[in-house]
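Asks: Under mature numbering (1 follows the signal peptide of the UniProt record, and there is no 0), the letters of the sequence shown match residues -24 to -1, 1 to 1023, in that order.
All C-beta atoms in this analysis are idealised placements derived from N, C-alpha and C, irrespective of residue type, glycine included.
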Amino acid sequence: MGVAESTSLSHLTILLLLSGQVETNPGPSTSAPETFPCAICGDEVRDNDPALLCDHCDCWCHISCVGISPDSYDILTKKSRSFAWVCCQCSSTNIGSSSSLQGLNLSQTNRFSPLHHDSSNEEILPSINPLTSTPTSSPGGCRQPRFHPPSRNRKKAFKVMVVNCNGLKGNAKKSSFHAAIAHHTPDFVFGCESKLDDSLSSYSIFPSNYSIYRKDRNIHGGGVFIAIIDTLIVTECPEFDSDCEIQWCNVQLANAKPLYIGSYYCPPNNRQQGLEGLHQSLSKIMTRHRRSHPNILIAGDFNHPDINWDDQSTTNPATSTCHQKLLDILLHNSLSQTVREVTRPSSNNILDLVVTSNPALVENVCVKSGISDHNIVTFTLAANPKISVKPLRKIYQFHKADEQQLRDAAAEFATEFLQSDPERRSVETNWSIIVNFLNRNQVAKNVHRARCEYVNNITGASLKDNPKSFWSYIKTCRSENIGIPTLRTPSKLCASALDKAETLNDYFQSVFTPHQLQPLVQKGPSPFPTIGHLHVHRTGVEKRLQQLDPSKASGPDELPPKLLKLVAREIASPLSFLFQQSYNSGIVPAQWKQALVTPIHKSGEKCDPSNYRPISLTCVCCKVMEHIILSHVSKHVAVNNILTDAQHGFRRGLSTTTQLTTAVHDWSSILQQRSQADIIFLDFKKAFDRVPHLLLSTKLQYYGISGDSLQWIMSLLTDRQQAVVVDGSKSTWRDVTSGVPQGSVIGPTLFLLYINDIQDNIQSTMRLFADDSTLYREIRCPEDHQILKDDLQQLSRWSSNWMMDFNVKKCAILTITRKRTPSIREYHLSNGLIPRVKEYKYLGVTVAADLRWNKHCQTIRHKASRTLGLLRRTLSPCTRDVKSRAYTALVRPQLEYASEAWNPHSVTVTKMLEQVQRTAARFVYRDYRYTTSPSALVAALGWDTLHTRRILDQCTLLYKIHHRLVSIPAPTIVIPATYFGRHDHNLKYVIPVATIDSFKFSYYPRAIRIWNHLPGSAVNATGITNFQEAALPSIRTMQPPIGSHII
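In structure tokens, the structure reads:
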């Protein structure tokens, strides 16, 4: 090197260091910064060793380890020549130059060197291809380098499609979009201007084999999305979100840093805000990756037409400021733009861009005709994403089985079993014999096991011929389930199915109450008689087996319900013997104590394990035995009136409707008295999972459930194990130390018994529906506030004694009153302040502070309209019968759930709900003409108005109360009439006096007014069906809406 050249390089180095804008590279990040091991051989890379640094994984490699000979290295250091090499650690291509190999006498080398190419001195190197090699195994000394051409199989080229959709709602545009995907078969789809909103489910728009990540604008168009083939490991990145339309995801790459991909749209009328949001979003990524430059790929409609991308200059002075800002953002973040062809032919501009921090990732960029006024951009991604392979499921194809042969084999086995003296064998041995027979080859050979996922082979069958196929299709279309996405924990990301299963099982186990923390609290002497001994009869077992749902899944024993149902008569005798033996000995087979847990998302972020609920899948035979035990326990509980009347959950004759109707009547009665009600909605922490087994045993004994029954129940609950299954991958088995299994048969009843005494010593009114509890009191004076506070203190003591903690953050206080200045107090529970709300969704119904139902009706109308929109997109070509059945099964129930408690009286609100049904009638007939009367279409379909159906439901509930078909007593305002007119029937009631609409149109006053106008043949009918048939004509002819109110 000449003196002048060396001086120039030294001056350049000093200027760069003094500028304060660059720093010397500290080298790869290791626990010991002064030591840099070779990524291939593991030996230290010293300052005087010739070596290369990978720009992607920050790993140093000796030149001999990467296949560069000393001669070639000398040529590269002496000539200003650009070159490429492939890192054997991460398989990434690196671009280098001679200046990056020269030390410049600096203690640490900066790897961010500009490319330099001297065309005046061309010398052919040994190979023009990137150099790589397989490292030798020699532990030291001189390594003989070996040259290998780059392997073409090291990276798979993944196809990427960038599309401006200009709307995806219409069937025509949706078909074009699907056709483009079918033609290009992309692994990644970057989309913008989707013009979707949250009322549209992803799987009604996109192909089912893609995972969809959307950011909808919801109004005035816009919207971006990323669709990724569902075999890749991808994580959504909401933390990089900003005030612009960009959707970020993280794609896991094999042996390389992850790739951040973003779908971006910049509105043409607000470019400044779009660029600011893009800059903020990129800054968040760069802040997280300060030590090494991340892999970034952004694609979408940038809407910056006046840029010459060859020299990166602006061509329009009027817009140069905005366009220059985009160029500055790309330059600041070291991003390169790879599209060079026109993407919008009508304006001859390049609007749809692909920018990346690593240009080597983007190959074969092409512009092709699109589905809107923008062309589609396609390219290949030269990367190696990690692939998650889902294991195959085992499916029994019973339609190919020889059912008679199954029954004959089962009958022969039953005879042999009973003649083999089963009493001398243990419960475990007898269960093993039974389950082994049902699983052995002689039976299984008649049941073909599918080698792949179940595929519906009855496509196109009519609703009458194959209803199950139809409903499965509808369920798929309406579902937003894309499986369980990549989960995040404080320590790692869980992408594989097995990692997800282990992580979820860790969380589910963490909420259990350990045995050593369970105190022994005594309830005192029991006032209830002891439960009797259970005798298992063969006929009862056979009946239970015949009632099994053949579509349900099998448990850990892999015995499908359909098989047990097929051989119910033959296998009933061995099972009844086993059940009786298990009950008498108090020993439950170990396999019955195992549960395969299915995680069900509740709410919140899907990447958070705490937002999933465990549903246990147990052995079918165990569930049959649980049914027998539950029937035995339920009779004891009912005869002795053990459960509190305030509990409406999991009880015959009670439901959410009876709970809501009773509670709303109490609240409206308080408003009728011109008073105030403070309602506290309570929420337990993991209620079913935290029930301590020792304390549960104490309460069961108190309620008279002891002896063999108690011993069997406790044997079922103790020494349990569970494993979480995700996409066919099963976690390790974990101990279950507390709780009653969600998904079991007897679990809900055990939970009701455990919390049955929660209202003891409570002075206010308390109502329960399983773990959904509410506490309320009429507030007439300050003493009422204090009583309510005392009740909360009593609940805190109860939760502490019985280890059932409240989730105070999810509890709420709602004050219902018409007073201008209500009496407001703060309430605390378990040392936490209960938040105050203006409305609360209780058991699926939104309760407002003024007890009006406008908000609830708006909510259900929006929800029903979303479902109807789904049907319009998916069932448009179907017959009228199919579409009508789909509406009545999927849409109308959403408009009628618990309507007995909230039936609106406002004409405006009533018409708002009726509009959904009128739109559905147009959908069924495919008639959207303004000249067509939707009322005529509704009548032609034989649909009653929603208002008529709600009135009929209210009268039906009153019929059930009168004839004691439901387990709720009539309130004191329901008084039989003593005066009867000429046309009155004999079951007339006195109409309650009402001075405000909230009480006048509440359930009992309104239902009584209509009840009194029904014919005697209806109110005296035998059976609910006969009552409804007799009452419906009268309800249809009743007074129509008058003014602002309805009857």
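From what residue to what residue does the alpha helix (DSSP H) around Cys757 run?
Replies: Unbroken run through Cys757: none, as it is neither H nor E.
Asks: Would you check if the distance between the CB atom of Phe745 and the CB atom of Gly625 is smaller than 7 Å?
Replies: yes
Asks: Could you tell me the boundaries of the beta strand (DSSP E) in which Asn340 lies?
Replies: 338 to 344
Asks: Measure the alpha-carbon distance for Asp684 versus Tyr559 and round it to whole angstroms.
Replies: 6 Å
Asks: Looking at Ser549 and residue 1060, is the spacing between their C-beta atoms short of 7 Å?
Replies: This structure does not reach residue 1060, given that the chain is present from -24 up to 1023, and the question cannot be answered.
Asks: Quick one: what's Ser799 bridged to in DSSP?
Replies: The partner list for Ser799 (beta bridge, DSSP) is empty, contrary to what the question assumes.
Asks: Three or more beta-carbon pairs under 8 Å between the region 397 to 408 and the region 256 to 270, yes or no?
Replies: Counting Cβ pairs under 8 Å, fewer than three are found: no touch.
Asks: Can you give the Cα-Cα distance for Tyr430 and Gly629, rounded to whole angstroms?
Replies: For Tyr430, the predicted model reports a pLDDT of 33, less than 50, meaning its position is unreliable and no value from the coordinates is stated.
Asks: Measuring CA to CA, which of Gly198, Leu258, Pro183, Ala203 is closest to Glu215?
Replies: Leu258
Asks: Let me confirm a value: His959 is counted as buried when at least 16 other C-beta atoms fall within 10 Å, else exposed. Which label applies?
Replies: exposed
Asks: Where does the unbroken beta strand (DSSP E) through residue 1030 begin, and where does it stop?
Replies: Residue coverage of the chain in this structure runs from -24 to 1023, which leaves residue 1030 outside it and unanswerable.
Asks: Any idea if Ala359 is buried or exposed, counting beta-carbon neighbours within 10 angstroms, 16 or more meaning buried?
Replies: buried
Asks: For Val165, which of helix, strand or coil comes out of DSSP?
Replies: Val165 sits in a strand when the DSSP states are folded into three classes.
Asks: State the DSSP-derived secondary structure class of Leu273, mapped to helix, strand or coil.
Replies: strand
Asks: Report yes if the C-beta distance between Leu847 and Ala865 is below 7 Å; otherwise report no.
Replies: no
Asks: Find the nearest neighbour of Thr694 within the set Gly704, Pro505, Lys765, Lys569, judged by alpha-carbon distance.
Replies: Lys569
Asks: Does the distance from the CB of Cys168 to the CB of Gly276 come in under 7 Å?
Replies: Going by C-beta atoms, Cys168 is nearer than 7 Å to Gly276.
Asks: Do you know how far the Cα of Ser909 is from the Cα of Ser312?
Replies: One C-alpha to the other measures close to 58 Å.
Asks: Comparing the C-beta of Asp711 with each C-beta of chain C, is any distance below 7 Å?
Replies: You won't find chain C in this structure, because it holds only one protein chain.
Asks: Considering only residues of the same chain and omitting the five flanking positions on each side of Ile39, which have a CB-CB separation below 7 Å?
Replies: Pro26, Ala27, Leu28, Tyr49
Asks: I need the DSSP call for Ser748, collapsed to helix, strand or coil.
Replies: Residue 748 is actually Asp in this sequence, not Ser. Correct three-state label for Asp748: strand.
Asks: Where do the ends of the beta strand (DSSP E) carrying Gln698 lie?
Replies: Gln698 -> beta strand (DSSP E) spans 696 to 702.
Asks: Restricting to runs no shorter than 4 residues, where is the alpha helix (DSSP H) found entirely within the region 144 to 213?
Replies: Segments of the alpha helix (DSSP H) lying fully in the region 144 to 213: 147 to 160.
Asks: Below 7 Å CB to CB, which residues in the same chain sit around Glu802 once its five sequence neighbours on both sides are set aside?
Replies: Leu809
Asks: Given this structure, state the Cα-to-Cα distance separating Cys35 from Ile363, to the nearest angstrom.
Replies: 24 Å
Asks: Taking DSSP as the reference, what is the three-state secondary structure of Val885?
Replies: helix
Asks: Below 7 Å between beta carbons: does that hold for His832 and Thr822?
Replies: Yes.
Asks: Using the Cα positions of Ser95 and Asn284, report the straight-line distance between them to the nearest angstrom.
Replies: Here the model assigns Ser95 a pLDDT of 38, short of 50, so the residue's position is not dependable, and the following value carries that caveat. Each residue's alpha carbon lies about 25 Å from the other.
Asks: Measuring straight from C-alpha to C-alpha, what distance separates Arg756 and Ile789?
Replies: 17 Å
Asks: Identify which residue in Ala571, His299, Trp688 has its Cα closest to the Cα of Gln698.
Replies: Ala571
Asks: Taking the alpha-carbon positions, what's the Leu521 to Ile731 distance?
Replies: Put simply, the backbone Cα of Leu521 is about 32 Å away from that of Ile731.
Asks: Between Glu759, Asp760, Leu764, Pro758, which lies nearest to Leu751 when the distance is taken from Cα to Cα?
Replies: Leu764
Asks: Should Asn246 be labelled buried (16 or more other beta-carbon atoms within 10 Å of its own) or exposed?
Replies: exposed
Asks: Please classify Arg650 as buried or exposed, where buried requires at least 16 other C-beta atoms within 10 Å of its C-beta.
Replies: exposed
Asks: Kindly indicate which three-state DSSP category Ser775 falls into: helix, strand or coil?
Replies: helix
Asks: With a 10 Å radius around its C-beta and 16 neighbouring C-beta atoms as the bar for buried, classify Glu876 as buried or exposed.
Replies: Buried, by the Cβ-count rule.
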